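Asker:
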Amino acid sequence: MSLSLSSGSSILHTLSLPQFLSARNSGGVIHKSGQKCRNSTYKTEDIITRTIYRRNLADITKEDLKALLQEYRINPSRRALRSRVITCKLNDQISLSYHASTSQFYIQQRGFRTRSGLQGINARKPPKQAEKPSFFSRFFPDFRAAKTVEGIDRSDVDQWNVYENELKKVPESQRKTFTSANSDTTSTQAPKKPSALSRFFVFLALAIFIIYWSGAVRIRLGDRQLGSLIFSSPQEVKPEDVTVTFDDVRGMDEAKKEVEEIVSYLRDPDRYSRLGGRLPKGALLVGPPGTGKTLLARAIAGEAQVPFFHTSGSEFDEVLVGQGARRVRDLFERAKQRAPCIIFIDEIDSVGSKRVSNSIHPYANQTINQLLAEMDGFNRNEGVIIIGATNRVEDLDKALLRPGRFDVRVTVSPPDFIGRRDIFSLYLSKIIHTDEVNLDVLAKGTTGFTGADIENMVNQAALRAASDGCHMVMLSHFEEARDRIIMGPARLRGRLPDEEANRITAFHEAGHTLVGIFTKDSIPLHKVTIIPRGQSLGHTAILPEKDEYHMTKSQMLAQLDMMMGGRVAEELIFGLDKVTTGAADDLKKATQLATKMVKTFGMSERVGLRDFSPEESSAFVQVNELSPQTSEVIDQEITRLLNDSYNRAKEILIKHK
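Throughout the sequence shown, residue numbering follows full-length UniProt numbering, covering 1 to 657 in sequence.
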């Protein structure tokens, strides 16, 4: 054991405990080398050491020093205290520190502490904060933490034995002081061991949750796999929940007749099996969006009173490889269990598109292959009718359209005049309207409308009447709703044209009107307005007298003349330099019509009767199969048709100016 004298943070002398006691008895000063300094010349540190010794330690007797050491329990041989530093405060200025790791005493005078002193052997470290126990640690504690008690690691058997032996030697009255001197303020108390009752309740709760979850899975899945619960399943509609019948389907009488035999088979399958007949496995509904394909499929299920499985083609696509084929198998397994039933796949082109050979996506065709196998594979389906709906029949795979899968193709077209009249009659019976509302007028003014468009029009008219405070829906409300669907909502507030813009728009629309009135074979006019709607500042509406199933060349030329009337009117009124961009949409539509007349309809003598319409190709690669000479002739004919139409419209406006 040695003793060091320090001032501030600088250690001046180091000596062992016997040397320190010897120096204490002789009253001499100990040099760095351990020899007494008897000469009158002292180094600076010797003077400081002697001064500190005389002022602070000279009055301490040997017995007092031993008692002081005994009070602080300084035992250099104790292994349990080798990492400890015990400080004995002598007075306000001097403190005596014992470092067990080096068996040295240090006398330090209170004063300035350098940075090295703050970070050195005597630097004080902040106490560690106790970690917050987690939820699982309360019931499953780490018993390794219990090995550390009051700063002593139980893993060190020798150290623990020494500590116990020393503790036995200490009197009962001084054991508290002994344990506090040997305890580490940063030691962590052992966590309390949870009771057996607490653990029992935890395991009981986990067992109840597992049993409940497994039971719910079995009820939900039945004989299916667990993946059917993770991924969404097709929606099954029970027969009693299907309230749609053929009476609710209007405007598609031909389509209803095509599917009547499917309903008859589902009602009485023995009637067909006795004669050896086989009902078509599926029916494909083809038509534009909004024509009522889904409504017709629900009406089939409602008439036959059989389960109805409704799904979409996009629902078969999953993130994981093989999930689409698995969902197809799961759908048909459920349908077989509920046979006879109907499977309706909306937008079937999403799953039944043409197969491609792609090395990047080798599993892309798994879903459609599984669908083909389920519809007419080795194992035939009895009592399961598949109905598909699409508006892109050209994209379907040929194997899907062959006999044995989709034998019947039902075309659902937009309703004609009689069909629109029936649809209006159905929806008008659900609202309160005036007697002036004429079904023939409404049906005539909605050429090209689908059933969804008519339903939306009636609903918009009812909402408009309610916002105006009317008790009944009038004809003007229906006209406003139709214009809103065709041209967009009217802009009556906000950004409106000024007087000059309205004047230009009025002359522009007047040009369309005059050319339409005085041109042979033109479609009759219905309404002309300069109220802004959507992106247009004005609009000239036409109303055909009847449904047109084809158009003549004379009618197409009349449409071209009417489209050119707006630009011609601007030129005649404001001059060639004052024409505006208001005719941009008219010129675009006129160019498209003239292009079809030349390239598709064969209405040009120079080009001939050949069809030059472009075939569908890749979106990234465009192939031009026309020679430069042919392309030049086609461009010349399109330009000639547009110029001739412009001149004819100009002659009409000059004549009737």
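Quick reminder that beta carbons are idealized off the backbone N, C-alpha and C, glycines included.
Only a predicted model underlies this, so the values are computations on that prediction, with no experimental measurement involved.
#1: Classify residue 623 as buried or exposed, calling it buried when 16 or more other Cβ atoms lie within 10 Å of its own Cβ.
#2: Mind pulling the beta strand (DSSP E) runs of 3 or more residues that sit fully within the region 505–549?
#3: By the three-class DSSP mapping on this structure, what secondary structure does residue 604 have?
#4: Near residue 560, what residues of its chain come up, given a Cβ to Cβ distance below 8 Å and the 5 sequence neighbours on each side ignored?
#5: Exposed or buried, residue 461, counting other C-beta atoms within 10 Å across all chains shown (16 or more means buried)?
#6: In whole angstroms, give me the CA-to-CA distance for residue 393 and residue 520.
#7: Taking the alpha-carbon of residue 482 as reference, which of 586, 454, 508, 287 has the nearest alpha-carbon?
#8: For residue 724, count neighbouring C-beta atoms within 10 Å of its own C-beta (all shown protein chains included) and say buried if the count is 16 or more, exposed if not.
#9: Pull up the distance between the alpha-carbon of residue 511 and that of residue 547, whole angstroms please.
#10: Got a sec? Which residues, its chain only, sit under 8 Å from residue 503 by beta carbon, not counting five neighbours each side?
#11: Is residue 305 near the ligand COA, going by C-beta to nearest heavy atom under 6 Å?
#12: Might you give, ordered along the chain, the residues of its own chain that have their beta carbon closer than 8 Å to the beta carbon of residue 263, omitting 5 neighbours on each side?
#13: Go to residue 598, then tell me how far its beta strand (DSSP E) extends in each direction, as first and last residue.
#14: According to the Cβ coordinates, are residue 389 and residue 293 closer than 7 Å?
#15: Does the contact criterion of 3 or more C-beta pairs under 8 Å hold for the region 265–272 versus the region 422–442?
#16: Using C-beta distances below 7 Å, list every residue in its chain close to residue 538, excluding the 5 sequence neighbours before and after it, in chain order.
#17: Can you list, in chain order, the residues of its chain with a C-beta nearer than 6 Å to that of residue 541? Leave out the 5 residues immediately preceding and following it.
#18: Let's see if you can read the secondary structure: which residues bound the beta strand (DSSP E) around residue 345?
#19: Let's see if you can read the secondary structure: which residues bound the alpha helix (DSSP H) around residue 298?
#20: DSSP puts residue 386 in a beta bridge; with which residues?
#21: Is it right to say residue 315 is buried, meaning 16 or more other beta carbons lie within 10 angstroms of its own, or is it exposed?
#22: Can you tell me which of the three DSSP states residue 353 falls into?
#23: Please classify residue 403: is it buried, with 16 or more other beta-carbons within 10 angstroms of its beta-carbon, or exposed?
#24: Quick one: using the 10 Å Cβ neighbour count with 16 as the cut-off for buried, is residue 142 buried or exposed?
#25: How is residue 651 classed by DSSP in three states: helix, strand or coil?
#26: What do you get for residue 296, buried or exposed, if any count of 16 or more other CB atoms within 10 angstroms of its CB means buried?
#27: Helix, strand or coil for residue 580 per DSSP?
#28: Three Cβ pairs or more, each shorter than 8 Å: is that satisfied between the region 439–452 and the region 403–423?
#29: Helix, strand or coil, according to DSSP, for residue 631 in the structure here?
#30: Count the other CB atoms, across all protein chains shown, that sit within 10 Å of the CB of residue 147; report buried if there are 16 or more and exposed otherwise.
#31: With a cut-off of 8 Å, do at least 3 Cβ pairs link the region 475–492 to the region 432–441?
#32: Thinking C-alpha only, which one of 536, 609, 544 is nearest residue 586?
#33: Could you check how far apart the C-beta atoms of residue 313 and residue 348 are, in whole angstroms? I think they sit under 8 Å.
#34: Any idea what DSSP makes of residue 275, helix, strand or coil?
#35: Taking the DSSP output, what are the residues bridged to residue 242?
#36: Can you tell me which of the three DSSP states residue 477 falls into?
Answerer: Straight from the coordinates:
#1: Note on residue 623: under 16 other CB atoms within 10 angstroms of its CB, so exposed under the neighbour-count rule.
#2: Segments of the beta strand (DSSP E) lying fully in the region 505–549: 525–529, 539–542.
#3: Three-state DSSP puts residue 604 in coil, outside helix and strand.
#4: Cβ neighbours of residue 560 beyond the five flanking positions: 590, 593, 594, 641, 642, 645.
#5: Classification for residue 461: buried.
#6: Cα-Cα distance, rounded: 38 Å.
#7: With distances taken between CA atoms, residue 482 lies nearest to 454 out of 586, 454, 508, 287.
#8: In the structure displayed, the chain extends from 1 to 657; residue 724 sits before or after that span and is not available.
#9: Using only the alpha carbons, I get a separation of about 26 Å.
#10: Excluding positions up to five away in sequence, the list is empty.
#11: With respect to small molecules bound, the structure shown includes none, and the ligand COA cannot be examined in it.
#12: Result list for residue 263: 300, 303, 304, in chain order.
#13: Residue range 584–599 is occupied by the alpha helix (DSSP H) that includes residue 598, with no beta strand (DSSP E) assigned at that position.
#14: In contact: residue 389 and residue 293 (Cβ atoms closer than 7 Å).
#15: Using a Cβ-Cβ distance cut-off of 8 Å, the region 265–272 and the region 422–442 are not in contact, since fewer than three pairs of beta carbons, one from each stretch, lie closer than that value.
#16: Around residue 538, the same chain offers 505, 508, 509, 529, 530 as residues with beta carbons nearer than 7 Å, after the five sequence neighbours per side are excluded.
#17: Sequence-distant partners of residue 541 (beyond 5 residues in either direction) whose C-beta falls short of 6 Å from its own C-beta, in its chain, are 526, 527.
#18: Run containing residue 345: 341–346, per the beta strand (DSSP E) assignment.
#19: Taken as a continuous stretch (DSSP letters only), the alpha helix (DSSP H) holding residue 298 covers 293–304.
#20: The partner list for residue 386 (beta bridge, DSSP) reads 282, 343.
#21: It is buried - the Cβ of residue 315 has at least 16 other Cβ atoms within 10 Å.
#22: If DSSP states are grouped into helix, strand and coil, residue 353 belongs with the strands.
#23: Result: exposed.
#24: Reliability of the predicted coordinates at residue 142 is poor, the pLDDT of 49 falling under 50, and no value is obtained from them.
#25: In the structure shown, residue 651 adopts helical secondary structure according to DSSP, grouped into three states.
#26: Using a 10 angstroms sphere on the CB of residue 296, the tally of other CB atoms reaches 16 or more, which defines it as buried.
#27: It is coil, neither helix nor strand.
#28: Judged by Cβ distances under 8 Å, the region 439–452 makes contact with the region 403–423, as three or more pairs qualify.
#29: In this structure, residue 631 counts as helix in the three-state DSSP scheme.
#30: Below a pLDDT of 50, predicted positions are generally treated as unreliable, and residue 147, at 43, falls in that range; no measurement from the model is reported.
#31: Short answer: they touch.
#32: From the listed residues 536, 609, 544, the smallest Cα separation to residue 586 is found for 536.
#33: Going by Cβ atoms, the distance from residue 313 to residue 348 rounds to 5 Å, so yes, they are a contact pair.
#34: Coil, per DSSP.
#35: Bridge partners of residue 242: none, in fact.
#36: Reduced to three states, the DSSP call for residue 477 is helix.
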